[in-house]
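> Handing you a structure now.
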Amino acid sequence: MTTYGSFPGSRPRRLRTSPVMRRMVAETRLHPADFILPAFVREGISEPVPIAAMPGVVQHTRDTLKKAAAEAVAAGISGIMLFGVPEESKKDALGTAGTDPDGILQVALRDVRSEVGDELLVMSDLCLDETTDHGHCGVLDAEGRVDNDATLERYAEMAQVQADAGAHVVGPSGMMDGQIGVVRDALDQIGREDVAVLAYTVKYASAFFGPFREAVGSSLKGDRKTYQQDPANARESLRELALDLEEGADMVMVKPAGPYLDILARVADTVDVPVVAYQISGEYSMIEAAAEKGWIDRDAAILEALTGIRRAGARNILTYWATEVAQKLR
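If you count by this note's numbering, then the sequence shown holds residues 40 to 369, one letter each, in order.
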């Protein structure tokens, strides 16, 4: 072969020659502490209920939820985000199960705190959609529209009962204007300045939420496009971000993760607080379904997807694979 001087003088492939070389120069690494496990607990069941649209994920009983929390601690992950699924008969227009100290989410928070103490950050979803008979994230007005300010009053009460039940972190996820400031004030009013607020700052009205509706037994008819963000837009995410930070958010979230890596990167480049991304149900289910068909390598696809989210700027990732991946990393 004819050579022309020292061409090519630069050979990037030298840094890809072996697994050890690739590991040494890797710019992005996954660690168990990066992960938060979302978990569902359902009232009135004696055995875990598999979620058909999310293979491998279940609606937990109170006892199996405690076991999952203990496994999360052993795997070294940082947190568990709890979603409560009340009995259908306990849903109503105001989502009162969400502020009942004996509601399933509050009971589960106490259960998990008693099991793991402070070894795992116990986080609570702060939203009404699981507990309302209409399935929306807020209180409806006389015309059936979500009433922003009436909903904020409910969120304030939810924040207080969740803190009293043991939440280290509350995650207001309903996308109401002003929700972070109201929740922060409500917590401070009862002397819970120690409870952190994870702001669902960027939450798009996404088709990828589909399997989640089964997971929480959603009663929703219609959509949430009047309060969740339009997938066509990017700049409004930065506006939401500025407002949440001004109102006192301790951490901010982008949800979904995979379809919005550009937004995640913009948020991460803008802030000096921790940035969290939620790899949601549809992202999970697509990989599981393709792997079940034999179309992709399941484990490799999981790690690649998570690495991409981390590389885009997420400090922490909510993922249904949290414990599994953390165990493998360890």
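Beta carbons are placed, not taken as given, at the ideal position from N, Cα and C, and that holds for glycine.
(1) Given that a residue counts as buried once 16 or more other Cβ atoms are within 10 Å of its Cβ, and exposed if not, what is His175?
(2) Are at least three pairs of beta-carbons, each pair with one atom in the stretch 153-172 and one in the stretch 92-111, less than 8 Å apart?
(3) Determine the direct distance from the alpha carbon of Met325 to that of Leu54, and round the result to whole angstroms.
(4) Identify which residue in Ile356, Pro51 and His173 has its Cα closest to the Cα of Ser257.
(5) From Val64 to Ala254, what distance separates their C-alpha atoms?
(6) Contact between the stretch 112-119 and the stretch 174-189 is defined here as three or more beta-carbon pairs at a separation below 8 Å; is this criterion met?
(7) Smallest Cα separation from Lys332: which of Val291, Leu303, Pro94 and Glu275?
(8) Check for me: the beta strand (DSSP E) holding Val240 runs from which residue to which?
(9) In chain order, what residues of the same chain lie with their CB nearer than 6 Å to the CB of Pro89, ignoring the 5 residues before and after it?
(10) Over the uninterrupted alpha helix (DSSP H) stretch that includes Leu144, give me the two end residues.
(11) Give the range of the beta strand (DSSP E) segment to which Asn272 is assigned.
(12) If we require 4 or more residues per run, which alpha helix (DSSP H) segments fall completely within the stretch 288-317?
(13) Can you name the residues that DSSP bridges to Gly210?
(14) Within 10 Å of its beta-carbon, does Val59 have 16 or more other beta-carbons around it, so buried, or fewer, so exposed?
(15) Please state whether DSSP places Arg81 in a helix, a strand or coil.
(16) For the alpha helix (DSSP H) holding Val221, just list the boundary residues, first then last.
(17) Give a yes or no on whether the C-beta atoms belonging to Thr358 and Glu110 are separated by under 8 Å.
(18) In whole angstroms, what is the alpha-carbon distance linking Glu192 and Met215?
(19) Give the straight-line distance between the Cα atoms of Leu284 and His99, rounded to the nearest whole angstrom.
(20) Terminal residues of the continuous alpha helix (DSSP H) containing Leu345?
(21) In terms of residue numbering, what span does the beta strand (DSSP E) encompassing Met120 cover?
(22) Leu54 by DSSP, collapsed to three states: which one?
(23) Which residues does DSSP list as the beta-bridge partners of Phe74?
(24) So, with DSSP's three-state summary, where would you put Thr362?
(25) Here's the rule I'm using: 16 or more other beta-carbon atoms within 10 Å means buried, otherwise exposed. How should Gly230 be labelled?
Looking at the coordinates:
(1) On the sequence shown, residue 175 is found 136 positions in, with the first residue counted as 1. His175 comes out buried.
(2) yes
(3) The residue labelled residue 54 in the question sits at position 15 within the sequence shown. The residue labelled residue 325 in the question sits at position 286 within the sequence shown. Cα to Cα, Leu54 sits roughly 32 Å from Met325.
(4) Indexing the sequence shown from 1 puts residue 257 at position 218. When each option's Cα is compared against that of Ser257, the closest is His173.
(5) Reading the sequence shown from its first residue, position 25 is the one you call residue 64. Reading the sequence shown from its first residue, position 215 is the one you call residue 254. Roughly 40 Å separates the two Cα atoms.
(6) no
(7) Your numbering for residue 332 matches position 293 in the sequence shown. For the residues Val291, Leu303, Pro94 and Glu275, the minimum Cα distance to Lys332 belongs to Pro94.
(8) Start at 1 with the first residue of the sequence shown, and residue 240 comes out as number 201. Position check: residue 240 holds Thr in this sequence, whereas Val was assumed. According to the DSSP assignment, Thr240 belongs to the beta strand (DSSP E) that extends over Ala235 to Lys242.
(9) Stepping through the sequence shown from its first residue, residue 89 is reached at position 50. Excluding positions up to five away in sequence, the list reads Val97.
(10) Position 105 of the sequence shown, counted from the start, is the residue given in the question as residue 144. Secondary structure note for Leu144: its alpha helix (DSSP H) is the uninterrupted segment Ile143 to Val155.
(11) What you label residue 272 is simply residue 233 of the sequence shown in a count that begins at 1. No beta strand (DSSP E) contains Asn272, which DSSP labels as neither H nor E.
(12) 300-309
(13) In the sequence shown, residue 210 corresponds to position 171, counting from 1. The partner list for Gly210 (beta bridge, DSSP) reads Asp164.
(14) Your numbering for residue 59 matches position 20 in the sequence shown. By the neighbour-count rule (16 or more Cβ atoms within 10 Å), Val59 is not buried but exposed.
(15) Position 42 of the sequence shown, counted from the first residue, corresponds to residue 81. Of the three classes helix, strand and coil, the one that applies to Arg81 here is strand, per DSSP.
(16) In the sequence shown, the residue the question calls residue 221 occupies position 182. Run containing Val221: Gln218 to Gln228, per the alpha helix (DSSP H) assignment.
(17) Along the sequence shown, read from residue 1 onward, the residue named residue 358 stands at position 319. Along the sequence shown, read from residue 1 onward, the residue named residue 110 stands at position 71. Between Thr358 and Glu110, the CB-CB gap reaches or exceeds 8 Å.
(18) By 1-based counting over the sequence shown, the position of residue 192 is 153. By 1-based counting over the sequence shown, the position of residue 215 is 176. Straight-line Cα distance between these residues: approximately 11 Å.
(19) For this step, residue 284 is matched to residue 245 along the sequence shown. For this step, residue 99 is matched to residue 60 along the sequence shown. Rounded to whole angstroms, Leu284 to His99 spans 34 Å at the Cα level.
(20) For the purposes of this step, residue 345 is identified with residue 306 of the sequence shown, where counting begins at 1. Note, Leu345: alpha helix (DSSP H), Arg337 to Ala351.
(21) Position 81 of the sequence shown, counted from the first residue, corresponds to residue 120. Note, Met120: beta strand (DSSP E), Gly118 to Val124.
(22) The residue you call residue 54 lines up with position 15 of the sequence shown. In the structure shown, Leu54 sits in a helix (DSSP, three-state: H, G or I).
(23) To locate residue 74, count along the sequence shown from 1; it is residue 35. According to DSSP, which records beta bridges pairwise, Phe74 is partnered with Ile356.
(24) Here the question's residue 362 lines up with position 323 in the sequence shown. Note: Thr362 maps to helix in three-state DSSP.
(25) Counted from its first residue, the sequence shown places residue 230 at position 191. Exposed, since its Cβ has fewer than 16 Cβ neighbours within 10 Å.
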